[in-house]
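**Q** Each residue of the sequence shown is one higher than the one before, counting from 0 in numbering that gives the first Met the number 0. Where a beta carbon is used, it is the ideal one built from N, C-alpha and C, also for glycine.
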Amino acid sequence: MLEDSKGNISDTCFVAANDSTLRIHLKEPFIPFLSILTMPYAFVVPHEAVEKYGKDFREHPVGTGPFQFKLWDTGNVLLLHKNPNYWRQDAKGRPLPYLDVVQISFIADRKTEFLTFLQGKLDFLSGIREGSRDLVMNTDGTVRADFKGRFTVQKAPYLNTEYLGFQLDSTNLTGEQAAQGRALRDRRVRQALNYALNKPELKTATLVISALTSS
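1. Count the other CB atoms within 10 Å of the CB of Phe-146; is the residue buried (16 or more) or exposed (fewer)?
2. The beta strand (DSSP E) spanning Lys-69 covers which residue range?
3. Just to confirm, are Pro-96 and Pro-45 a CB contact at a threshold of 7 Å?
4. Tell me whether Leu-79 is buried or exposed, calling it buried when 16 or more other Cβ atoms sit within 10 Å of its Cβ.
5. Can you give me the Cβ contacts of Gln-88 inside the same chain, cut-off strictly under 7 Å, excluding the 5 residues immediately before and after it?
6. Compute the Euclidean distance between the alpha carbons of Ala-15 and Val-43, then round it to the nearest angstrom.
7. List the DSSP bridge partners of Lys-147.
8. For the beta strand (DSSP E) containing Ile-8, name the first residue and the last one.
9. Using 8 Å as the Cβ pair cut-off and three pairs as the minimum, do the stretch 183-203 and the stretch 162-173 touch?
10. So, with DSSP's three-state summary, where would you put Ala-107?
11. In this structure, does DSSP put Arg-128 in helix, strand or coil?
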């Protein structure tokens, strides 16, 4: 993003060219930028809707996606209906989406969620945890032979960073945790832990995807 002299995002970074075009100026090419714009915190929304709904905007979403908001029972279910005015078509000119209704369930316990999926009560599951993942997938990310025909794995590159951090502020810690916090303030201790960590092995054990390790 373009920045001003204080390091803040410049007012010239975003330009509303007209009522349907937003122009964003970057300092340099950044390939994942379009994907970032699809994240909830980067949506482009009409200011009229934000001003009208205020803090309740999350319950009155406005957009141009393939589905329309119909019902939201917080923590339980989200119901979306097909957007009849959606602009995209498939290769044969047929309007998208194909589905009339999508129901999204919110199951807090990941094991319960996975078992519900295995029972055929869910059509799609995202972000399978390690323990459940190993039941249906090989280490290369393909579906195990005994589950072929039942499940299809969709894989795509994405930008994501996972890390382990040190809590250096031990103000609210007591006893042994406080002592550990004080020890971590020593840069040499943090460096030693960094050198001792087998990052390639950790990546292999926790991720069934291609990933790069940092220094």
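**A** Quick look at the numbers:
1. So Phe-146 counts as exposed.
2. For Lys-69, the enclosing beta strand (DSSP E) begins and ends at 66-72.
3. Using a Cβ distance threshold of 7 Å, Pro-96 and Pro-45 do not count as a contacting pair.
4. The residue in question, Leu-79, is buried, as its Cβ has 16 or more Cβ neighbours within 10 Å.
5. So the list reads Pro-94, Leu-95, once near-sequence residues are dropped.
6. Taking the CA atoms as reference points, Ala-15 sits about 11 Å from Val-43.
7. Answer by DSSP bridge pairing, in chain order: Phe-150.
8. Counting along the chain, Ile-8 falls outside any beta strand (DSSP E), and DSSP gives it neither H nor E.
9. Result yes; three or more Cβ-Cβ pairs closer than 8 Å.
10. Correct three-state label for Ala-107: coil.
11. Residue state, collapsed to three classes: coil.
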